[in-house]
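A.B. asks: Structure incoming, see below.
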Amino acid sequence: MEVILIHRPVGMIPPEMATMGIQAARDVLSKPSEVVPGGKLIASYYARAQWLVVCVWEVPDLEALMPFLEGMRLQGWNTEVIPAEKGKVAVGKLAKALGI
40 MEVILIHRPV
50 GMIPPEMATM
60 GIQAARDVLS
70 KPSEVVPGGK
80 LIASYYARAQ
90 WLVVCVWEVP
100 DLEALMPFLE
110 GMRLQGWNTE
120 VIPAEKGKVA
130 VGKLAKALGI
């Protein structure tokens with residue numbers, strides 16, 4: 040399953056926490072399946088001039104994300120988790136729901 044993760048800091052991030060965050064990001068980029076078991080990082084985006092990071096992951100299930108999300112929370116980041124669907128699948132479900 041694919042999920043979109045939107046990470047936002049809880050408050051101002053001190054330099055020490057930013058340093059830890061950079062190292063965590065390096066770990067995710069170099070060994071994503073070790074950070075999220077069975078996971079594959081599809082894409083990531085760091086918004087310029089904003090405190091926002093967006094990632095798209097392919098994961099076996101949401102449970103595989105829990106240790107990663109807990110680590111992000113402990114580093115001062117809130118994460119919104121949005122299950123994603125391919126456009127063709129989403130349109131098919133919408134059409135079925137509307138009976139067309």
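Numbering-wise, the sequence shown is residues 40 to 139 according to our numbering. Positions of the beta carbon are idealized from the N, C-alpha and C atoms, including for glycine. Every value quoted in this text rests on a predicted model; they were computed, and no experiment measured them.
With DSSP collapsed to three states, give me the class of V95.
C.D. replies: In the structure shown, V95 sits in a strand (DSSP, three-state: E or B).
A.B. asks: Return the CA-CA distance between V130 and G77, expressed in angstroms with no decimal places.
C.D. replies: Each residue's alpha carbon lies about 28 Å from the other.
A.B. asks: Buried or exposed for M111, going by 16 or more other Cβ atoms inside 10 Å?
C.D. replies: Buried, because 16 or more other Cβ atoms sit within 10 Å of the Cβ of M111.
A.B. asks: Find the nearest neighbour of V75 within the set Q114, P106 and N117, judged by alpha-carbon distance.
C.D. replies: Cα-wise, what sits closest to V75 is P106.
A.B. asks: Would you list, in sequence order, the uninterrupted beta strand (DSSP E) runs of no fewer than 3 residues that lie entirely inside the stretch 63 to 123?
C.D. replies: List check, beta strand (DSSP E) in window: 79 to 85, 92 to 97 and 116 to 123.
A.B. asks: Please classify P48: does DSSP put it in a helix, a strand, or coil?
C.D. replies: Residue state, collapsed to three classes: strand.
A.B. asks: Does the stretch 110 to 125 come into contact with the stretch 45 to 59, if we say contact requires no fewer than three beta-carbon pairs (one atom in each stretch) closer than 8 Å?
C.D. replies: Contact between the stretch 110 to 125 and the stretch 45 to 59 is present, because at least three Cβ pairs lie under 8 Å.
A.B. asks: Thinking just about the alpha-carbon of each residue, which of Q62, L91, E97 and A63 is nearest to the one in H46?
C.D. replies: Per the Cα distances, L91.
A.B. asks: Closer than 7 Å by C-beta to P71: which residues in its own chain qualify, once you throw out the five before and the five after it? Chain order, please.
C.D. replies: Within the same chain, P71 has close Cβ partners G78, K79 and L80.
A.B. asks: With which residues is E41 paired in a DSSP beta bridge?
C.D. replies: Paired residues: E97 and A123.
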